[in-house]
Amino acid sequence: MTHPLFARFQNLNKKGRAPEKNFTAGWQSPSNIALVKYWGKKDGQLPLNPSLSMTLKNAVTQTRVHASTDQEITGLISVNGDQHHAFLLKMQQFLKLLAIEIPYLANLSLRAETSNSFPHSTGIASSASGMSAFALCLLDIACRMLHEEIPYSEWQPMVSCASRLGSGSACRSVYGGYAMWGKSELITGSSDDFAVPANEYVHPDMMSLRDAILIVSTKPKKVPSSQGHQSMNVHPYLTGRIAQANQNLADVLHALALDDFDQLAAVAENEALSLHSLLMSASPGTILIQPGTLEIIHQVREARKKGLPLLFTLDAGANVHILYSAVSAKEVEEFIHDILSPFCEEGRVIYDECGPGPVQISENQKKSAE
Ligand code: PMV
């Protein structure tokens, strides 16, 4: 059944309503770091628990999609001119799912050009930025074919809902600042289908949080996140995890609202360690953290005890995100450089911060995420 957010596209016939035969849409979309982690999903890429993330500024994917309406071969033909590109299959699968909601997309012949701002082989997951950038382009094209101006308040949940079909965490990247995904009575209008902005619950000082990404390992993950999500369906700690995530969401919201860094540190670190505990205690268990990850965690906790305001969080990998406020940036970055970066591959650290969300990069119709 079609989601009501996509109802307007049902009447688009094969040719679309716009007179043009060729379109190009271009969007830049950021990655995000979850403070409360999405881990485990139900059918339809719906989350087992609510999650909350901070959108990044510098770690972005830029994607341009060229669409033709009059070609014999339809579907996504190539990525960066390559018909065997590593992302092609995932993007084609996503397109297929989105075409169930917007059948018109199946008539198009598409070519994508995409690049990430973060260096190759840093171990930084690109699915949130990559899938949201692709979703933005596809919906941009569908809207232009419809020849209808869509209010921004409808555009964002629609793009978020579409991005979710590509990668769960991608649905949160559609918003600048903080975003929350998954039904929770704590956030008005929250839904399992799409993310919603959470900035109205956040203290202004938390809007300038910094994130230094410590590259402990650039090796590809041993287990794709889809497999990790799947392991939750039969996980012995499933019920406890759902209760924990809901409580942690309440505590993170409290910390963000009151600018309480210590509480934020307690909850965000609990989430990171819980994610990896769930990975390790699944069957089969997976260990993604490396000795360097643990060294950094110990150093961060020691330094915080001595008064340095920083916290760590982890994705499903060995790299460590260090969060700290803009006012403590100088002293924390010195500590990262002197004490933490020796645990990183070639001392690599990528500095990022809370960012404004996606921006359009094509020349036509300007929609930016404000
Ligand atoms: O969006 P996926 O399927 O790659 O899952 C991401 C899961 C985590 O990054 C571990 C947590 C999160 O909420 O982003």
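Just remember that the numbering used here sits 197 ahead of the position in the sequence shown, which is counted from 1.
Glycine included, each C-beta is placed from N, C-alpha and C at the ideal position.
Using DSSP bridges, identify the partner residues of residue i.
{"i": "R407", "result": "Y521 and E550"}
{"i": "F315", "result": "According to DSSP, which records beta bridges pairwise, F315 is partnered with nothing at all."}
{"i": "P506", "result": "BP columns for P506 are empty, so no partner."}
{"i": "R308", "result": "H263 and S275"}
{"i": "Q557", "result": "W224"}
{"i": "L286", "result": "The partner list for L286 (beta bridge, DSSP) is empty, contrary to what the question assumes."}
Look at the alpha carbon of residue i and the alpha carbon of residue j, and state the distance between them as a whole number of angstroms.
{"i": "V276", "j": "Q225", "result": "16 Å"}
{"i": "L307", "j": "Q280", "result": "12 Å"}
{"i": "R205", "j": "Q268", "result": "25 Å"}
{"i": "F458", "j": "F509", "result": "12 Å"}
{"i": "V464", "j": "S471", "result": "10 Å"}
{"i": "H344", "j": "L446", "result": "40 Å"}
{"i": "G425", "j": "T252", "result": "23 Å"}
{"i": "V517", "j": "D549", "result": "13 Å"}
{"i": "S478", "j": "P417", "result": "21 Å"}
{"i": "H162", "j": "N255", "result": "Outside the shown range of the chain (198 to 567) lies residue 162, about which nothing can therefore be said."}
{"i": "A296", "j": "P201", "result": "14 Å"}
{"i": "I484", "j": "L491", "result": "12 Å"}
{"i": "R261", "j": "L335", "result": "10 Å"}
{"i": "N304", "j": "D240", "result": "26 Å"}
{"i": "Q444", "j": "L450", "result": "10 Å"}
{"i": "G223", "j": "I536", "result": "40 Å"}
{"i": "P394", "j": "V431", "result": "31 Å"}
{"i": "A452", "j": "Q460", "result": "6 Å"}
{"i": "S360", "j": "A515", "result": "25 Å"}
{"i": "A392", "j": "L302", "result": "23 Å"}
{"i": "Q562", "j": "E310", "result": "Since pLDDT at Q562 reaches only 44, below the 50 mark, its modelled position is unreliable, and no value is offered."}
{"i": "M403", "j": "T271", "result": "45 Å"}
{"i": "A330", "j": "E351", "result": "17 Å"}
Under 9 Å between C-beta atoms, does residue i make it to chain D?
{"i": "S405", "result": "Of the protein chains in the structure, only one exists, and it is not chain D."}
Where do the ends of the beta strand (DSSP E) carrying residue i lie?
{"i": "W378", "result": "Y375 to W378"}
{"i": "L253", "result": "S248 to S265"}
Where do the ends of the alpha helix (DSSP H) carrying residue i lie?
{"i": "Q225", "result": "Note, Q225: premise wrong, no alpha helix (DSSP H); beta strand (DSSP E) at N219 to V233."}
{"i": "K527", "result": "A526 to F532"}
{"i": "G544", "result": "That residue, G544, is in no alpha helix (DSSP H); it is neither H nor E in DSSP."}
{"i": "L453", "result": "L435 to L455"}
{"i": "R341", "result": "S324 to L343"}
{"i": "F203", "result": "Counting along the chain, F203 falls outside any alpha helix (DSSP H), and DSSP gives it neither H nor E."}
Hey, which residues come within less than 5 Å of the ligand PMV, measuring from Cβ to any heavy atom, in chain order? A231, K234, Y235, S248, S324, S364, G365, S366, S422, D512 and A513
Where in the stretch 357-397 do unbroken runs of the beta strand (DSSP E), each at least 3 residues long, occur, reported from the N-terminal end onward? 375-378 and 392-394
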